[in-house]
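In UniProt numbering, the protein residues as written are 1 to 897.
Each remark here refers to the structure printed beneath this line.
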C-alpha cells in the first residue's frame, strides 16, 4: 500500500493513488466563513453554516457515491469522455486494474492538488483546490497538458451540483425546497438564489446567492450552460454518466432562467486544440455571497490565472505563518506530524465540531469545552487576542455556576436554550480555570482577574434543576440585579463561583454529581445517582491551583481583597463540616434560591489569604476523601474508581466477569494530585496491563464491561473498541501523558504520546492524512479526523512538559523532560515558538544522550546573557530578558549535563 510522504519541513505531503483508500477527506476553509472538504476524487461538501450549504451535505458514508463531486470533463475528438477527477463510470470500472489512471495527491495547509495522468486521453491534469484567506469562495484551478506526440482537440466541461439550502433539507422537504430555487445563467456561470429559507417554525426571505463561475485561457467564458440536474445528467443518466457530456447536448446560453428544480453548476467550453507539450488552464470559482453585486466584485479579484496564483501563494504563506511552532528532534516524520497537530486547533476553530464528514455531533459550532481548550493552543501560537477571548467567554457563565451550552458566532456570544432542555455537564467549570491559569503564566497579566464580565441568563436555574418563571426573553440574556441593572463581576469572582458551586453539588458518596455527563458525553444515563470520581479529582486540583493563584495575587499586593457578590458568602461560611453531605447540599440550595432570578447587586470584600486558606482546606479534604474511598488495591497494581452509576454502585474494580478499569479516573487522579507517587506507579502498571494496545494507538479508554449498562451511559451500547467504549481515545490518552509529565513520569508520558503518533503515521492501519484523530477504532483506523481537542493538548504537552518551555507568572521557565530518543544524532533537540512577543528558538544539547530524569540544566544562554540554573535544576528567564532579544527572533541554548 502507498502511504503519505512528507516533502518539506512544513508538513506538506504526497500520496499516490489516494482514491484507493476509503473515507479520506481534506479540509479547506477561510476565516471569512466558508468550510469545505475534498475527497481524493474532489467529492465532499462546502458550507457557511448549518443553514447555508453550497454543496450537498455529506457524511463519511456517502463520500464514495460521487453525487456531490466537483468534476471536470474532457471529451476527445472521438467522443470519448473522461473525468479529470476520476469520477466517471468508465474510470470507476477500471479503478483497481493496471488500466487505472496514475494519480498523486499533494497537500499542505488549506491547499490540495490532485495530479492525474489519463492514459486513454494522453493528457496530464493538475487540479488545485484552495479557499483564499479572506473570501467565501473555493477556487479550483485545472491545468490540462498534452503529453502525446500528436495534436489533441477536446471539449471541456465544468460540473458541480449546487445544493443551495439548509442541511436539514437533505431529506426533510428535499423536493419542496428545490421548488424555491431560482436559477440563472450569466456570462461566466450559474447562480442560484432560493426565494426563502424553508423552516416550518417560520419561513424567512433568502438573500444568499450560490454560484459556480468559470473561465478558460485568456478569460474565455463558457459557450453553453446546463443549469439543472435534469438538463445535465439527462433522462436515465447520472453524475458519473452525464448524458449532456456523453451525447454533446447543446445546453442553453447565458441569460437563461430556470425555477423549481435542483440546480446544477455546469457549463461547456468551446473546443480547444493542444499541440504536443502544450497546456490549457481553466478556473472554477464556487461560493456563496449576499448579492449578485458581491459575486461580481469577487469575480474581479480572481478573474485571471495570475490573480489565482497570487491568492494561492498568499493562502499558503498565511497558514504557514499561523502555525508558528516547530519541533526538531531525532524523528523527522514525527516533527512534521506535529506541524499538522499544531494546525488542527485552527481547523476546529473554523469548522467547530460538526462540519467535516466524520463529525456527526450536531448542527455546527463549538461547545463550552471547545471554547476553552482551543485557547490552550492559541496561547502558544497567537497569545495576543486570547486575553480578550477569555474575558468574553466568561460571559457564558451563569450565577448558579453552570454555563450556556448554545454558543453563537464569534467570541462571547451565547444563546438562551430555545428548547428549554436543562443540560448540565459537570466538568464545565473545570476548563475556564485551566485555560486562564495558562494565560496568566504565559503573559503575567494578572490584571485580567480584575476585569469584569456579565453573567449569562436564561430560564434555566438552580443548576438545571429548576426554571426561573419570572424570566422573559425581552429581559435579555444577562444576569440583572433587583434594580434591573446588568451585574458584572470580576473574572476572579467567576472562577471562584464556578468552583464553589460545583463543590457543593454532591451525590450520596459525597462526590461531584455526574449530572448530564462529564467530559465523556456518552456517560449520559446516570443523572440521578451518578457521580464522577474522575472529575472530583480534577476539581481538587483546580481548588489547589486557584488557592496558589490567590496567594500570588496577595504576594504582589499584600493584604489584598477580592470583591465578590454578597450572595456568594453563603458558600464561604467558616467551620463547615465537609463530611456533612446533606448540609453541603442545603447550603447550595440557599445560594441558588437567592440567585434564581436577580441578584442584590451588593458586594463584599474578602481577604485573598482567607479565600486561599478556604480553598486549600477543601482540596485537602477532597484528596483525603478520594484516597480513602475510591482507591482499588491490586497489590503491585491499583487504580481509582472513576464513576458511580445510576444505582449508586462503583463502576470499576475486580468483578466476576473480569477487571473493569477506565482511563479517565487515572488521568485526573494523577493530574489533580490526588494520587500519591506510589499510587501513580501502580496506576501506570495497571494501565499498561489492562488498557495498553500499541497496535491501535496505545491506551484504551476502558476495558470491556460486557454489558449495556443503561444505568450509566450510551457508550456501552457501542461496539467495544469503538469511540467512547474502549477505543484508543486520543484526547484522554494525551491528557494521561500530560498528567504523567506533570508528576515527573516523563518516559511513561512520552510512551503514551509516541504510541499515539506512531499509530497516526502508520497509514497501513490508520488510513488518515497526517494529524491526530479523535480516536482509533478497534482495527486501528483513525476516525473523526482533525476536529479534536487532543491536538491542543498534544501541542501543549510537547511544548510545556516534554520541552519544558512554559510561562510562570509571565517569566519563561525551562524545565526539559525530553527522553534520550528525542534528541537527534548530534544530541540536539530544538523548539521554535513565540513567547513575550518574540519568535524564539530553544535549543537543548544532550551530548551524553542521557535519559529524562538523569540530566539537569547546565550552561544556559538567552542571547548573549548567561543564566544560572536554580537549585531545583530549572532555569527561569525574566520576561524583561526575553523581551531584549531581537524582534525578528532570538536564540536560547542550554546544555544538559
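C-beta atoms are modelled at their ideal positions from N, C-alpha and C, and glycine is treated no differently.
This structure is a prediction, so every number in the text was calculated from the model and none was measured.
Per-residue DSSP class, three states only, for residue i
i: residue 358; result: coil
i: residue 862; result: strand
i: residue 97; result: coil
i: residue 590; result: helix
i: residue 752; result: helix
i: residue 652; result: coil
i: residue 806; result: strand
i: residue 766; result: helix
i: residue 211; result: strand
i: residue 578; result: coil
i: residue 145; result: strand
i: residue 471; result: coil
i: residue 402; result: coil
Of the listed residues the options, nearest to residue i (C-alpha basis)
i: residue 269; options: 251, 259 and 285; result: 251
i: residue 782; options: 762, 797 and 881; result: 762
i: residue 120; options: 207, 104, 293 and 79; result: 79
i: residue 429; options: 795, 408 and 399; result: 399
i: residue 103; options: 41, 573, 524 and 748; result: 41
i: residue 379; options: 850, 657, 834 and 369; result: 834
i: residue 356; options: 167, 854, 630 and 385; result: 167
i: residue 94; options: 20, 623, 423 and 46; result: 20
i: residue 839; options: 243, 886 and 579; result: 886
i: residue 848; options: 616, 837, 867 and 828; result: 828
i: residue 809; options: 490, 441, 527 and 748; result: 441
i: residue 554; options: 536, 612 and 75; result: 612
i: residue 258; options: 243, 277, 186 and 236; result: 186
i: residue 44; options: 586, 408, 370 and 56; result: 56
i: residue 208; options: 26, 666, 765 and 292; result: 292
Residue i vs residue j beta-carbon contact at 8 Å
i: residue 48; j: residue 146; result: no
i: residue 377; j: residue 262; result: no
i: residue 280; j: residue 144; result: yes
i: residue 134; j: residue 211; result: no
i: residue 131; j: residue 162; result: no
i: residue 445; j: residue 387; result: yes
i: residue 105; j: residue 114; result: yes
i: residue 523; j: residue 643; result: yes
i: residue 898; j: residue 771; result: Given a span of 1 to 897 for the chain in the structure shown, any question on residue 898 remains unanswerable.
i: residue 164; j: residue 188; result: no
i: residue 240; j: residue 88; result: yes
i: residue 646; j: residue 530; result: yes
i: residue 426; j: residue 600; result: no
i: residue 438; j: residue 500; result: no
i: residue 214; j: residue 154; result: no
i: residue 148; j: residue 108; result: no
i: residue 405; j: residue 372; result: no
i: residue 830; j: residue 842; result: yes
i: residue 775; j: residue 728; result: yes
i: residue 739; j: residue 670; result: yes
Closer than 8 Å to chain D by CB, residue i
i: residue 53; result: The structure shown contains no chain D; it holds only a single protein chain.
Residue i Cβ short of 7 Å to the ligand HEM heavy atom set
i: residue 461; result: By its list of ligands, the structure shown contains no ligand whatsoever, and the ligand HEM lies outside what it can speak to.
(message) Can you confirm whether the stretch 737–754 touches the stretch 547–556 when touching is taken to mean that 3 or more C-beta pairs between the two stretches lie within less than 8 Å?
(response) Taking one beta carbon from each stretch, the stretch 547–556 and the stretch 737–754 have fewer than 3 pairs nearer than 8 Å; the two do not touch.
(request) Only counting runs of 4 or more residues, tell me where the alpha helix (DSSP H) segments fall wholly within the stretch 491–576, in order along the chain. (result) Whole alpha helix (DSSP H) segments, 4+ residues: 491–504 and 533–556.
(message) Using a Cβ distance threshold of 8 Å, determine whether the stretch 126–136 contacts the stretch 227–244, with at least three qualifying pairs required.
(response) Contact between the stretch 126–136 and the stretch 227–244 is absent: fewer than 3 CB-CB pairs across the two stretches fall below 8 Å.
(request) Evaluate contact between the stretch 512–523 and the stretch 630–639, counting only Cβ atoms and requiring at least three cross-stretch pairs below 8 Å. (result) No contact exists between the stretch 512–523 and the stretch 630–639.
(request) Determine contact between the stretch 432–446 and the stretch 530–549, defined as no fewer than three beta-carbon pairs at a distance below 8 Å. (result) Touching, yes, given that three or more Cβ pairs across the two stretches are closer than 8 Å.
(message) At 4 residues or longer, what runs of the alpha helix (DSSP H) sit wholly inside the stretch 233–295?
(response) The stretch 233–295 contains these whole alpha helix (DSSP H) runs: 243–246.
(request) Check whether the stretch 5–16 touches the stretch 336–354, counting contact only when three or more Cβ pairs, one atom from each stretch, lie closer than 8 Å. (result) Yes, since at least three Cβ pairs between the stretch 5–16 and the stretch 336–354 fall closer than 8 Å, the two stretches touch.
(message) Could you check whether the stretch 855–875 touches the stretch 886–895, counting it as contact only if at least three pairs of C-beta atoms, one from each stretch, sit closer than 8 Å?
(response) A contact exists between the stretch 855–875 and the stretch 886–895.
(request) Specify whether the stretch 696–709 and the stretch 727–735 touch according to this definition: at least 3 beta carbon pairs, one from each stretch, less than 8 Å apart. (result) Contact between the stretch 696–709 and the stretch 727–735 is present, because at least three Cβ pairs lie under 8 Å.
(message) Restricting to runs no shorter than 3 residues, where is the beta strand (DSSP E) found entirely within the stretch 826–885?
(response) Within the stretch 826–885, the complete beta strand (DSSP E) runs of at least 3 residues are 828–835, 838–845, 857–862, 865–867 and 875–877.
(message) Quick test of the definition: if touching needs 3 or more C-beta pairs under 8 Å, does the stretch 603–613 touch the stretch 556–570?
(response) Contact between the stretch 603–613 and the stretch 556–570 is present, because at least three Cβ pairs lie under 8 Å.
(message) Tell me whether the stretch 750–767 and the stretch 708–716 touch, counting them as touching only if at least three CB pairs, one residue from each stretch, are closer than 8 Å.
(response) Segments in contact, no.
(message) Would you call the stretch 667–685 in contact with the stretch 480–491, where contact means no fewer than 3 C-beta pairs closer than 8 Å?
(response) The stretch 667–685, when compared against the stretch 480–491, does not touch it at the 8 Å Cβ threshold.
(request) Let me know the alpha helix (DSSP H) ranges lying completely inside the stretch 659–722, each 4 residues or longer, listed in chain order. (result) If we require 4 residues or more, the alpha helix (DSSP H) runs fully inside the stretch 659–722 come out as 663–671 and 677–690.
(message) If we require 4 or more residues per run, which alpha helix (DSSP H) segments fall completely within the stretch 26–98?
(response) Fully enclosed alpha helix (DSSP H) runs of 4 or longer: 89–93.
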